[in-house]
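Report on one structure; see the data block that follows.
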Amino acid sequence: ADTGPWLTPEGYDVLFASNHLGGFLLASLLLPDLKQSGPSRIVITASIAHYMGVPGDMFRKGDSLEQAGIFTKFGQYGTSKLANML
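If you're matching positions, the sequence shown starts at 48 in the numbering used here and goes up one per residue.
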């Protein structure tokens, strides 16, 4: 069975892309409408899993995660949640 990392066409880990980059993209796309509609907020959630994140791994692309021997699903989840907090 393929245990990952699974990559987006841009080379980012899918977990990181969906948990961090996707939310950032959505917020960026909604920002003009939110500004126009009066007082509004964007709330980004995280979890205690951010403690498992590794700051230097946040924007690694491609096979570098596996080559560095640092890929774990929980580690990538934690890194995506750490990115949300920063």
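All C-beta atoms in this analysis are idealised placements derived from N, C-alpha and C, irrespective of residue type, glycine included.
Return the CA-CA distance between residue i and residue j, expressed in angstroms with no decimal places.
i    : j    : result
E57  : G69  : 13 Å
M99  : L72  : 24 Å
M132 : I95  : 11 Å
T92  : P86  : 20 Å
F63  : Y124 : 7 Å
K82  : R88  : 9 Å
N66  : K128 : 7 Å
L77  : W53  : 27 Å
Tell me whether residue i sits in a helix, a strand or coil according to DSSP, three-state version.
i    : result
L133 : coil
Quick check on the DSSP output: what are the complete alpha helix (DSSP H) runs of length 4 or more inside the region 58 to 93, in order along the chain?
With a minimum length of 4 residues, the unbroken runs of alpha helix (DSSP H) contained wholly in the region 58 to 93 fall at 69 to 83.
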